[in-house]
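Note that the UniProt record's numbering gives residue 203 to position 203 of the sequence shown, counting from 1, and the numbers run on in steps of one.
Take a look at the structure set out below.
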Amino acid sequence: MTRSLPLEMMVAAYDVPVVGFEIAESTVTLLGGFAVVVLIALSGFFSSSEIAMFNLPKHRLEGMVEDGTEGAALVKRLKDDPHRLLVTILVGNNIVNIAMSSIATAVLSIHFGGLLGVILATFGITAIVLLFGESVPKSYAVENTESWAIRISKPLKATEYFLFPLIVLFDYLTRQVNRLTGSTGAIESPYVTRDEIQEMIESGEREGVLEEEEHEMLTRIFRFNNTIVKEVMTPRLDMTAVPKDAAIDEAISICIQSGHARIPVYEGSLDNVQGVVHIRDLVRDLNYGETEA
């Protein structure tokens, strides 16, 4: 009956010659530490890429392309196939994170033993990835969506070429799973919903971006779908207007009597409307000594 070696003895295999030479523990530690640092940077790259690419609005990207912004065309080509783009990011990110965890486990096991090394690597890498591979890079991407999307577009395209076989495989597999489960597999919505627009308006008022009057005006827009034109239009015979050659004080009087702050200005007949005048402008001109409307 064959007995398996203890984990500590298996880890000690790092001390035996490999391909004719022996690698010192210090060298393994140095190389492993350097590799982990590089992989952390790559993890942050992929995490921030996902946020930047999928948070960039389609209409804004199209505007950047029309304006000739450098790199915008490549971003658009990547986003034209959002499913392939997402698979590229996820495959790259998972390879990086798994490799990082494996290297950290191997290095720490040399110094702390098998079980303790695994525990330290598990919790240590988890904390590092959450902080430097997720939270920090994603926060940066949210605040710099447009510029970061352009900067990472070329590296992402290079990643797609480098990992092409894996990306094609997982792209095909995920599409087949989506087909079997009845899912459309849609990554991005082609439009902004009514609820999303209303939420943006409410958020804009809370953050102080929109004034109260602007918020009220935008909110009223959503009430139009229940209102027909006939309910808000004024019949021609009931329309209050002021002739073009009327005196300013006469125009002010008509505004006050009608209860409207704005009234049409016509020349000759009501069929020839020249524009609209605001009572505020009339009062201002009256104070400056103007005599004609």
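C-beta: ideal position from N, C-alpha, C; glycine also.
Burial state of residue i (16 or more Cβ within 10 Å)
i       : result
Phe-21  : Legend: pLDDT at Phe-21 = 49, less than 50; position of this residue unreliable, value from coordinates given subsequently. Under this definition Phe-21 is an exposed residue.
Thr-27  : exposed
Thr-219 : exposed
Met-233 : exposed
Asp-249 : exposed
Glu-160 : buried
Met-100 : buried
Gly-259 : exposed
Leu-116 : exposed
Pro-137 : buried
Ile-221 : exposed
Leu-173 : exposed
Ala-251 : buried
Asn-272 : exposed
In DSSP terms, what residue i is bridged to
i       : result
Val-277 : Ile-263
Val-242 : Val-265
Of the listed residues the options, nearest to residue i (C-alpha basis)
i           : options                               : result
Ala-141     : Gly-268, Ile-252, Met-53 and Asp-285  : Met-53
residue 294 : Leu-56, Leu-163, Gly-117 and Phe-123  : This structure does not reach residue 294, given that the chain is present from 1 up to 293, and the question cannot be answered.
Val-168     : Arg-284, Leu-286 and Arg-84           : Arg-84
Ile-51      : Val-229, Leu-270, Ala-149 and Ser-203 : Ala-149
Thr-122     : Ser-139, Ile-98 and Thr-145           : Ile-98
Ile-103     : Arg-151, Leu-39, Leu-86 and Ala-73    : Leu-39
Thr-151     : Glu-70, Ser-253, Leu-286 and Val-177  : Before going further, note that residue 151 is Arg rather than Thr in the sequence given. Among Glu-70, Ser-253, Leu-286 and Val-177, the Cα nearest to that of Arg-151 belongs to Glu-70.
Asp-171     : Pro-82, Glu-231, Arg-194 and Pro-264  : Pro-82
Cys-255     : Ala-41, Asp-271 and Val-283           : Val-283
Ile-89      : Ile-119, Leu-42 and Ser-203           : Leu-42
Spatial distance of residue i from residue j (CA atoms)
i       : j       : result
Phe-46  : Ala-158 : 13 Å
Glu-196 : Glu-213 : 20 Å
Gly-44  : Lys-58  : 24 Å
Asp-281 : Glu-267 : 19 Å
Leu-180 : Val-229 : 48 Å
Leu-237 : Ala-247 : 23 Å
Leu-61  : Val-91  : 25 Å
Val-37  : Pro-165 : 26 Å
Ser-135 : Gly-113 : 31 Å
His-111 : Glu-25  : 9 Å
Gln-274 : Ala-261 : 17 Å
Ser-49  : Ala-72  : 14 Å
Gly-133 : Arg-175 : 27 Å
Leu-56  : Ser-269 : 52 Å
Glu-143 : Gly-124 : 28 Å
His-215 : Met-200 : 10 Å
Gly-182 : Leu-86  : 19 Å
Gln-198 : Val-118 : 49 Å
Ile-263 : Ser-147 : 47 Å
Val-93  : Ala-35  : The displayed chain sequence assigns Asn, not Val, to residue 93. Cα to Cα, Asn-93 sits roughly 15 Å from Ala-35.
Val-277 : Leu-286 : 13 Å
Ile-279 : Thr-145 : 45 Å
Ser-253 : Pro-235 : 22 Å
beta-carbon residue i near the ligand MN non-hydrogen atom, thresh 8 Å
i       : result
Val-168 : For the structure depicted, the ligand MN is absent and the ligand set is empty, with no information on it obtainable.
ask   = With a cut-off of 8 Å, do at least 3 Cβ pairs link the stretch 231–249 to the stretch 208–217?
value = no
query = If you pair each beta-carbon of the stretch 100–114 with each one of the stretch 29–40, do three or more pairs fall below 8 Å?
reply = Look at the beta carbons and you see the stretch 100–114 touching the stretch 29–40: at least three pairs across the two are nearer than 8 Å.
task = Mind the definition here: the stretch 60–68 touches the stretch 155–175 only if three or more C-beta pairs lie below 8 Å; say whether that holds.
result = Verdict: no, contact absent.
ask   = Does the stretch 72–79 come close enough to the stretch 118–133 to have 3 or more Cβ pairs within less than 8 Å?
value = With contact defined as three or more Cβ pairs closer than 8 Å, the stretch 72–79 and the stretch 118–133 are not in contact.
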